[in-house]
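Engineer:
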Amino acid sequence: MRIRGILVLALAVGLLLGQGTVSPAQPVQVIKVSLVSFKFTPNLFTLHDGERVVLQLQNDDEKRAHGIASPYFSTVGLTVRGDAKQDVTRDGWKSVVLEPGRKAEVEFVAQGRGQWPFICPVFNHASQGQTGALVVWPAGYNPKS
Ligand SMILES: [Cu+2]
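Under my numbering, the sequence shown has 55 at position 55, and the numbering climbs by one with no breaks.
1. Nearest-angstrom Cα distance between Ile-31 and Leu-55?
2. Assign Phe-123 to one of two classes, buried (16 or more other C-beta atoms within 10 Å of its C-beta) or exposed (fewer than that).
3. Give me the Cα-Cα distance between Val-88 and Val-135, rounded to the nearest whole angstrom.
4. Is Ser-34 close to ligand 1? I mean its beta-carbon at under 8 Å from any heavy atom of the ligand.
5. Can you list, in chain order, the stretches of the beta strand (DSSP E) that have 3 or more residues and sit fully within the stretch 30-92?
6. Going straight from the alpha carbon of Ala-133 to that of Lys-63, what length do you get?
7. Relative to the C-alpha of Thr-75, which candidate in Gln-58, Phe-118 and Ala-110 has its C-alpha closest?
8. Terminal residues of the continuous beta strand (DSSP E) containing Gly-112?
9. Can you tell me whether Val-148 is buried or exposed, with buried defined as 16 or more other CB within 10 angstroms of its CB?
10. Using the Cβ count rule (16 or more neighbours within 10 Å means buried), how would you classify Gly-92?
Dropping the structure here:
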């Protein structure tokens, strides 16, 4: 009787501790992205299908606003936190724009496989070279191995 009580207690504690933590079944990739005139660093994101992705954007420019826009953002549910303005470009790409010195996070679960472009949607920054690409591999695939 007493042993059974301890087992039930251990199970209850285990359930309580398990709540609110990130499931190990869903990996998270955090990518710090610096935005300046006129580049993203890094400018290539390698993601995996089913992976939770957090883009930690920082506008490291002293004068200009910068942001990120991609057709891929319309295929996933975006959560935007921090000091940024969400909009949609004339091409229908969701965009997130940060004023100089500001930080913001863009979070989503990568879905599908393929390659998509991203650009800075501000003025003519993309034509000045502020562009990049994101690649979504199958879950667990590592092109280097
Ligand atoms: Cu820009």
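Beta carbons are placed, not taken as given, at the ideal position from N, Cα and C, and that holds for glycine.
Note that the structure is predicted; figures quoted are calculated from it, not measured.
Structural biologist: Looking at the coordinates:
1. 5 Å
2. When all chains shown are included, Phe-123 counts as exposed.
3. Approximately 22 Å, taken between the alpha carbons.
4. no
5. 39-41, 44-48, 52-59, 66-70, 79-82 and 85-88
6. 25 Å
7. Ala-110
8. Neither: Gly-112 is in no beta strand (DSSP E) and is coded neither H nor E.
9. No answer is possible for residue 148: it lies beyond the span of the chain, which begins at 1 and ends at 145.
10. exposed
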